[in-house]
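These protein sequences, in sequence, are chains A and B. Sequential numbering from 1 applies to the first sequence in my numbering. Sequential numbering from 1001 applies to the second sequence in my numbering. We put the beta carbon where it would ideally sit given N, CA and C, even for glycine.
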Amino acid sequence: MIARHNLVKKIIGLGVFQTSIFYLYITMGKVSGGSAPILSDNEQIIYSNPVPHVLILTAIVVGVATSAVGLALIVRIYETYDTIEEDEIREIEALESDA
Amino acid sequence: MSDQLPALQILITMLAAPLCVLCRHARVSWFIAFFANILAFLVAWQLLMQVQSSGAIRYALGGWAAPAGIEYYIDTINATVLMLVSGISAVVLLYAYESVTKAVPLAKHYLFYAAWLLCVTGLLGIVITGDAFNVFVFIEVSSLATYMLVSFGDDRRALSASFRYLILGSIGASFILIGIGFLYAATGTLNMIDLADRIPDSQSQRSVLVAFSFITIGVLIKSAVFPLHAWLPNAYTYAPVAVTVFLSGTATKVSLYVLLRFFFSIFGKDYSFGQLFLNGVLLPAAIGGFVLMSLVAVYQTDLRRMLAYSSVAQIGYIVAGFSLASQAGLSAGIVHMVNHAIIKASLFMAVGCIIYRIGHSHIPSLDNLFKRMPLTCTAFVISGFGLVGVPLTAGFVSKFALVGAAMDKGWWIVTALVLMSSLLAVVYVGRVVEIMVFRRAREADHSFTGMSEAPISMLLPMYILVIVGLYFGINGSQTLGVANDAARQLLGGF
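This is the structure:
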């Protein structure tokens, strides 16, 4: 995300980063020997913790919204700057500021 | 009805947002936004009254009791920040009526005000909630709305500024999310009060330590504490001026509140500052902020960018107050949170008035502006004095409290640095005042003939803030009393 200059790659990097956080949460929820947290009639069953799943659903939605806003911004940036490489954009802005 | 006030605080602005989108008319959507904000401010005021008379409020959302359900927890610090956010938002919306007309095409106004309402909802939610994960959700709600608001600027650099803010802000929020995840793994709960109970007894102290680190960095990014402030100067400079006014008064202050909540209430002062020596991180960052950023501000040629760097410097003062971890230090930091919000907002409003009439905010070209726009310049001068810390202004109250707290603890070097950086503030404010008020206009170069004062709908909110600032400066005991209460409650834990 930091090393790549292409703006879309930054969004991709952000997405990968956020997905790894989701993994962190979900792995936390697993109880050894536990199965999916769906109610069943079997009384002996152990459930994995459903709370992390719920938290992650929220976080996924947030991640989707963030990517959407980011990509919309990139579309507008492309329309005005004609490029989506960050170093080229900085050059254009630097010229604009000096002018 | 008054039982449900905490829920109302969020619901009013949240429901007003889709209303704005549904009615596409620019002025009507402004009115909806303004009215909703006034209601939100009244609710916040009522909540503060309630907290001051009967102690902290715990409200179970939807009737689901904590710790399984989400709870809203309101004590003095919350209620103060709630009033600050809703108050500033209401005043700035009054200002935005004219100011936004020039920056954003009329056809897009309804979207602008909808985003504004969502941003306010998010900020109020961050402050009011008593559940750690809920904090993250509202942080993202307000952040996404903020990225949208910043990108409405008419300069195309607003787009890349907003994008950069998006990337850095999402990193910050994601770090906070990681921290919350580790806290959940260590304790099994997300409710703040429960967390405070369970953290000392937790078997996985290493998880708690990791959580602490991640949350620290995440919150410092969001609060634009030096050196994690990179997103702020561009975002403040290129956003529409009303957005800059609003953000400078609220967004960073709310993130600083999150810092207070996590370090003092949840982790506890003994763990954060005793066992882990958070001072070692916060104090250098704070000092670097108020010394180096004030220096950078001196060299700026654009008025907005200068004030943006000044904001980072002032946030440094607030964090310095927090890192003292004493009641005096905390209350100094909290008082400065409120006072700086008011002062910076009125300063940016003055800049907005200038941009409204002249079209730019290039400092060297503002010769003798006082002749054409006396009211605006006067407001700028008074608020500028507040920034420096001249007696009788709100800035003096908070600087005095901060220096007093530092001397109480015997931190002489910090005291000296605070005073020295105030001199830097004199330089960067004084430079602008000198150009605007005292310098005679050079012939024919930048003559402001035909330029009149800014419209009354922009002057009025600005003077409201200036007068509030003066009031809090002359009668500082009111804000200091509330801040002291808040500090005492924070130090005591839940």
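(message) Taking the alpha helix (DSSP H) that Tyr25 of chain A belongs to, which residues open and close that run?
(response) As a working mapping, residue 25 of chain A is identified with position 25 in the first sequence. From DSSP, the alpha helix (DSSP H) with Tyr25 of chain A extends over 7-29.
(request) Measure the C-alpha to C-alpha separation of Asp82 of chain A and Leu73 of chain A and round it to an integer number of angstroms. (result) As a position in the first sequence, residue 82 of chain A is number 82, starting the count at 1. As a position in the first sequence, residue 73 of chain A is number 73, starting the count at 1. Between Asp82 of chain A and Leu73 of chain A, the C-alpha separation is close to 13 Å.
(message) By the 8 Å beta-carbon criterion, what residues does the segment 1300-1333 of chain B contribute toward chain A?
(response) none
(request) Anything in the segment 1142-1164 of chain B with a Cβ closer than 7 Å to a Cβ of chain A? List those residues in chain order, please. (result) Leu1144, Tyr1147, Met1148, Ser1151, Arg1156, Arg1157, Leu1159, Ser1160, Ser1162, Phe1163
(message) My output table needs one value for Ala1017 of chain B: the three-state DSSP class, helix, strand or coil.
(response) Position 17 of the second sequence, counted from the first residue, corresponds to residue 1017 of chain B. Here Ala1017 of chain B sits in helix by DSSP.
(message) What does DSSP give as the partner residue(s) for Ile1057 of chain B in the beta ladder?
(response) One-based indexing of the second sequence puts residue 1057 of chain B at position 57. Ile1057 of chain B pairs with B:Ile1074.
(request) Can you tell me which of the three DSSP states Glu85 of chain A falls into? (result) Taking the first residue of the first sequence as position 1, residue 85 of chain A is located at position 85. Here Glu85 of chain A sits in strand by DSSP.
(message) If we define contact as Cβ-Cβ less than 7 Å, is Leu1168 of chain B a contact residue for chain A?
(response) Residue numbering aside, residue 1168 of chain B sits at position 168 when the second sequence is read from its first letter. No, Leu1168 of chain B lies away from the interface with chain A (no Cβ there is under 7 Å from its Cβ).
(request) Could you please give me the residues that DSSP links to Asn1191 of chain B through a beta bridge? (result) Here residue 1191 of chain B corresponds to residue number 191 of the second sequence, with the count starting at 1. Its beta-bridge partners are B:Asp1131.
(request) Would you mind working out which of B:Gly1087, B:Leu1094, B:Gln1050, B:Leu1387 sits nearest Ile1032 of chain B, comparing C-alpha positions? (result) Position 32 of the second sequence, counted from the start, is the residue given in the question as residue 1032 of chain B. Closest option to Ile1032 of chain B, Cα to Cα, is B:Leu1094.
(message) Give me the subset of the segment 1127-1143 of chain B whose CB atoms are less than 7 Å from a CB atom of chain A, sorted by chain position.
(response) Phe1133, Val1137, Glu1140
(message) Rounded to the nearest angstrom, what separates Ile1012 of chain B and Val1225 of chain B at their Cα positions?
(response) Against the second sequence, residue 1012 of chain B aligns to sequence position 12. Against the second sequence, residue 1225 of chain B aligns to sequence position 225. Taking the straight line joining both Cα atoms gives about 31 Å.
(request) Quick one: using the 10 Å Cβ neighbour count with 16 as the cut-off for buried, is Thr1244 of chain B buried or exposed? (result) By 1-based counting over the second sequence, the position of residue 1244 of chain B is 244. So Thr1244 of chain B counts as buried.
(request) Output the distance between the C-alpha atoms of Ser1086 of chain B and Val1043 of chain B, rounded to the nearest integer angstrom. (result) Sequence index remark: in the second sequence, residue 1086 of chain B carries index 86 (1-based). Sequence index remark: in the second sequence, residue 1043 of chain B carries index 43 (1-based). Taking the straight line from one Cα to the other gives about 9 Å.
(request) Might you give, ordered along the chain, the residues of its own chain that have their beta carbon closer than 6 Å to the beta carbon of Gly1172 of chain B, omitting 5 neighbours on each side? (result) Counted from its first residue, the second sequence places residue 1172 of chain B at position 172. Cβ within range, chain order: Gly1218, Ile1221, Lys1222.
(message) Using the Cβ count rule (16 or more neighbours within 10 Å means buried), how would you classify Ala1444 of chain B?
(response) Position 444 of the second sequence, counted from the first residue, corresponds to residue 1444 of chain B. With a pLDDT of 46 at Ala1444 of chain B, under the threshold of 50, the modelled position of this residue cannot be trusted; read the value that follows with caution. By the neighbour-count rule (16 or more Cβ atoms within 10 Å), Ala1444 of chain B is not buried but exposed.
(request) Using a threshold of 7 Å, state whether the C-beta atoms of Arg1488 of chain B and Gln1327 of chain B are closer than that. (result) For this step, residue 1488 of chain B is matched to residue 488 along the second sequence. For this step, residue 1327 of chain B is matched to residue 327 along the second sequence. In this structure, Gln1327 of chain B lies closer than 7 Å to Arg1488 of chain B by Cβ.
(request) Confirm, please, whether the CB-CB distance from Met1436 of chain B to Leu1369 of chain B is below 7 Å. (result) Along the second sequence, one-based indexing puts residue 1369 of chain B at 369. Along the second sequence, one-based indexing puts residue 1436 of chain B at 436. Yes, the Cβ-Cβ distance between Leu1369 of chain B and Met1436 of chain B is below 7 Å.
(request) Can you give me the Cβ contacts of His1229 of chain B inside the same chain, cut-off strictly under 6 Å, excluding the 5 residues immediately before and after it? (result) Here residue 1229 of chain B is taken as the residue at index 229 of the second sequence, counted from 1. The answer, listed in chain order, is Val1312.
(request) Pair every Cβ in the segment 1235-1242 of chain B with every Cβ in the segment 1149-1169 of chain B, then say whether three or more of these pairs are closer than 8 Å. (result) yes
(request) For Lys10 of chain A, return the contacting residues in chain B, with the cut-off set at a CB-CB distance below 7 Å. (result) Position 10 of the first sequence, counted from the start, is the residue given in the question as residue 10 of chain A. Under the 7 Å cutoff, chain B gives Ile1167.
(request) Mind checking which residues open and close the alpha helix (DSSP H) that includes Met1306 of chain B? (result) Within the second sequence, numbered from 1, the residue matching residue 1306 of chain B stands at position 306. 1303-1323 is the extent of the alpha helix (DSSP H) around Met1306 of chain B.
(message) I'd like to confirm the pairing. Which residues does DSSP put opposite Ser35 of chain A in its beta bridges?
(response) Residue 35 of chain A sits at position 35 when you count from the first residue of the first sequence. DSSP output for Ser35 of chain A lists A:Tyr47 as bridge partner(s).
(message) Which residues in chain B have a C-beta closer than 7 Å to the C-beta of Ile89 of chain A? List them in chain order.
(response) Here residue 89 of chain A is taken as the residue at index 89 of the first sequence, counted from 1. Neighbours of Ile89 of chain A on chain B, chain order: Ser1160.
(message) Does Cys1119 of chain B pass the burial test, meaning 16 or more other C-beta atoms within 10 Å, or should it be called exposed?
(response) For this step, residue 1119 of chain B is matched to residue 119 along the second sequence. Buried.
(message) Just checking: is the beta-carbon of Val75 of chain A within a distance shorter than 7 Å of some beta-carbon in chain B?
(response) Counted from its first residue, the first sequence places residue 75 of chain A at position 75. No, its Cβ sits nowhere closer than 7 Å to a Cβ of chain B.
(message) Considering just the uninterrupted stretch of the alpha helix (DSSP H) at His1336 of chain B, what are its terminal residues?
(response) Residue numbering aside, residue 1336 of chain B sits at position 336 when the second sequence is read from its first letter. Here the alpha helix (DSSP H) through His1336 of chain B covers 1327-1358.
(message) For a quick check, are the C-beta atoms of Gly70 of chain A and Leu1166 of chain B less than 7 Å apart?
(response) Looking up residue 70 of chain A in the first sequence gives position 70. Looking up residue 1166 of chain B in the second sequence gives position 166. Yes, the Cβ-Cβ distance between Gly70 of chain A and Leu1166 of chain B is below 7 Å.
(request) Label Cys1020 of chain B either buried or exposed according to how many other C-beta atoms from any shown protein chain fall within 10 Å of its C-beta, with 16 as the threshold for buried. (result) One-based indexing of the second sequence puts residue 1020 of chain B at position 20. The residue in question, Cys1020 of chain B, is buried, as its Cβ has 16 or more Cβ neighbours within 10 Å.
(message) Is there a Cβ of chain B sitting closer than 7 Å to that of Val62 of chain A, yes or no?
(response) For the purposes of this step, residue 62 of chain A is identified with residue 62 of the first sequence, where counting begins at 1. Cβ-Cβ to chain B under 7 Å: yes for Val62 of chain A.
(message) Would Val1429 of chain B and Leu1459 of chain B be called neighbours here (beta carbons separated by less than 7 Å)?
(response) Mapped onto the second sequence, residue 1429 of chain B falls at position 429. Mapped onto the second sequence, residue 1459 of chain B falls at position 459. Cβ distance not < 7 Å, so Val1429 of chain B and Leu1459 of chain B don't count as in contact.
(request) Please go through the segment 1384-1414 of chain B and give each complete alpha helix (DSSP H) segment of 4 or more residues, from N-terminal end onward. (result) 1394-1409
(message) Can you confirm whether Tyr25 of chain A, when its beta carbon is compared against all beta carbons of chain B, has any partner nearer than 7 Å?
(response) If you number the first sequence from 1, residue 25 of chain A lands on position 25. Yes, because at least one Cβ of chain B sits closer than 7 Å to the Cβ of Tyr25 of chain A.
(message) Distance cutoff 7 Å, beta carbons only. Does Ser1202 of chain B sit that close to anything in chain A?
(response) As a position in the second sequence, residue 1202 of chain B is number 202, starting the count at 1. Not an interface residue.
(request) Return the CA-CA distance between Ala1016 of chain B and Leu7 of chain A, expressed in angstroms with no decimal places. (result) Position 16 of the second sequence holds residue 1016 of chain B. Position 7 of the first sequence holds residue 7 of chain A. C-alpha separation (whole angstroms): 34 Å.
(message) Can you pull the chain B neighbours of Val69 of chain A, defined as C-beta to C-beta under 8 Å?
(response) For this step, residue 69 of chain A is matched to residue 69 along the first sequence. Per Cβ cutoff of 8 Å: Leu1144, Tyr1147, Met1148, Leu1166.
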